[in-house]
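Structure first, then comments.
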Amino acid sequence: MRNSRVVAVKTLKGDFDQEEIDRFVEESLKMSRFKHAHVMGLIGVCPDEDSAPFIIMPYMANGSLLKYLKNERDNIVLSEENDTDEIKDVCKRLLMMCNQIASGMEYLAAGKYVHRDLAARNCMIDTHFLIKITDFGLSEDVFLRNYYRQAKSEDTVRLPVKWMAPESLADGHFSEKSDVWSYGVTMWEIFSGGKVPYPGTTPLSVIQTVEEGHRMSKPCNAACNEEIYSLMVKCWEKSPKDRPSFSEIYKEVTKFIERAAGYLDISFNPFTND
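Per full-length UniProt numbering, the sequence shown starts with residue 1, numbered consecutively.
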């Protein structure tokens, strides 16, 4: 077939009124204009009179970052017994992943877009092994209603509590700084090899744990040093104003990479290790 292209098609789950659908289509069309190496661009939106609209996106041949991390856990989660050069190499690879996500989020924040569901599961890997941030752009009420409706119908908590900032959980408030909180959790996922945040803890107990000021411990990975963990903790400051911006995060992660490698090689691929 001439000019054929493999695409991915998604649609909203749950029941939505026409106003919500119209708002979703409008926001989706805005996202189709995104032009950034690490942000998923939409190809288009197909309205449907009988159901929610269909969203057409580029197909991500290499799946989600979360799947990759889980598959590679034995190779990227190291102990102090591993060779020093190997630890440095893995540290650089994982930091490059963090850097790609920070770059994409800096772009979104500059455009006043809020993701609201940043996590390793929502970062996809394309044919060229570049991370693309996806599943963003829903307005706050559509985002929350979608999760709450799923929770009601499935009798379980479906909100991504373990990735959400305290102000999002308490007041439904989302901003760049709530995305920064989620970014810190995503960093933790990357350095833990795709483990579930707050291991052994239920979503409901996490809310109380976070409110009391407790934060996750440093990932058990020799590739995660104290300065990397310190950045995660900065992202988890209770007050949004005390968290860094994505511009600051991008600059800091870039410095980490330069220290780990001695220089910053922008052509280095953290997935193929070339």
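Yeah, the Cβ is synthetic: ideal placement off N, Cα and C, and Gly gets one too. Computed from a predicted model, the values in this text were never measured in an experiment.
Own chain, CB closer than 6 angstroms to residue i, minus 5 neighbours either side, in chain order
{"i": "Ala261", "result": "Lys92"}
{"i": "Val6", "result": "Tyr59"}
{"i": "Ser64", "result": "Arg121 and Met124"}
Unbroken alpha helix (DSSP H) run spanning residue i, endpoints
{"i": "Cys91", "result": "Thr84 to Ala110"}
{"i": "Ile249", "result": "Phe246 to Ala261"}
{"i": "Cys46", "result": "Careful: Cys46 lies outside any alpha helix (DSSP H), inside the beta strand (DSSP E) at Gly44 to Cys46."}
{"i": "Leu78", "result": "From DSSP, Leu78 is part of no alpha helix (DSSP H); its letter is neither H nor E."}
{"i": "Lys162", "result": "No alpha helix (DSSP H) holds Lys162; DSSP gives it neither H nor E."}
{"i": "Ser175", "result": "It is not in any alpha helix (DSSP H) - Ser175 carries neither H nor E in the DSSP assignment."}
{"i": "Ala120", "result": "Taken as a continuous stretch (DSSP letters only), Ala120 belongs to no alpha helix (DSSP H), as it is neither H nor E."}
{"i": "residue 279", "result": "The requested residue 279 is not part of the displayed model; the chain covers only 1 to 274."}
{"i": "Ala170", "result": "Pro166 to Asp171"}
Span separating the alpha-carbon of residue i from that of residue j
{"i": "Val253", "j": "Asp17", "result": "42 angstroms"}
{"i": "Ile21", "j": "Lys10", "result": "14 angstroms"}
{"i": "Ser175", "j": "Ala110", "result": "12 angstroms"}
{"i": "Leu29", "j": "Gly41", "result": "10 angstroms"}
{"i": "Lys234", "j": "Glu227", "result": "11 angstroms"}
{"i": "Val196", "j": "Phe271", "result": "21 angstroms"}
{"i": "Met97", "j": "Ser168", "result": "26 angstroms"}
{"i": "Leu69", "j": "Lys35", "result": "26 angstroms"}
{"i": "Thr202", "j": "Gly172", "result": "20 angstroms"}
{"i": "Arg23", "j": "Val206", "result": "32 angstroms"}
{"i": "Ser247", "j": "Lys177", "result": "12 angstroms"}
{"i": "Glu72", "j": "Lys241", "result": "35 angstroms"}
{"i": "Gly194", "j": "Asp83", "result": "22 angstroms"}
{"i": "Ile87", "j": "Tyr113", "result": "36 angstroms"}
{"i": "Ile101", "j": "His128", "result": "15 angstroms"}
{"i": "Tyr107", "j": "Trp236", "result": "21 angstroms"}
{"i": "Tyr198", "j": "Glu19", "result": "37 angstroms"}
{"i": "Asp117", "j": "Asp85", "result": "35 angstroms"}
{"i": "Leu78", "j": "Ala222", "result": "5 angstroms"}
{"i": "Ile76", "j": "Gly213", "result": "29 angstroms"}
Residues near residue i in its chain [Cβ-Cβ closer than 7 angstroms; skip 5 each side]
{"i": "Ser153", "result": "Any reading at Ser153 is ruled out, since the residue's pLDDT is 45, under 50, leaving its predicted position unreliable."}
{"i": "Pro166", "result": "Val210, Glu211 and Lys238"}
{"i": "Gly44", "result": "Ser32 and Ile56"}
{"i": "Met232", "result": "Gly184, Met187 and Trp188"}
{"i": "Leu95", "result": "Val253, Phe256, Ile257 and Ala260"}
{"i": "Pro47", "result": "Val25 and Pro53"}
Proximal residues to residue i (C-beta, below 8 angstroms), its chain only, five neighbours per side dropped
{"i": "Ala119", "result": "Leu66, Pro160, Trp163, Ser182, Val185, Thr186 and Glu189"}
{"i": "Asp126", "result": "Pro58, Met60, Ala61, Asn62 and Lys132"}
{"i": "Asn99", "result": "Tyr250, Val253, Thr254 and Ile257"}
{"i": "residue 289", "result": "For the chain, the structure presents residues 1 to 274; residue 289 sits outside this window and is missing."}
Burial state of residue i (16 or more Cβ within 10 Å)
{"i": "Ala61", "result": "exposed"}
{"i": "Arg243", "result": "buried"}
{"i": "Val90", "result": "buried"}
{"i": "Ser51", "result": "exposed"}
{"i": "Gly104", "result": "buried"}
{"i": "Ser192", "result": "buried"}
{"i": "Met216", "result": "buried"}
{"i": "Val142", "result": "With a pLDDT of only 48 at Val142, under the threshold of 50, the placement of this residue in the model should not be trusted; the figure read from the coordinates follows. Val142 is buried by the Cβ-count criterion."}
{"i": "Ala37", "result": "exposed"}
{"i": "Asn122", "result": "buried"}
Span of the beta strand (DSSP E) around residue i
{"i": "Thr11", "result": "Val7 to Thr11"}
{"i": "Met124", "result": "Cys123 to Ile125"}
{"i": "Lys132", "result": "Ile131 to Ile133"}
Mind listing, in chain order, the continuous alpha helix (DSSP H) runs of no fewer than 4 residues lying wholly within the segment 52-76? If we require 4 residues or more, the alpha helix (DSSP H) runs fully inside the segment 52-76 come out as 65-71 and 73-76.
Continuous alpha helix (DSSP H) assignments of at least 4 residues falling wholly in the segment 181-240: 203-211 and 226-235
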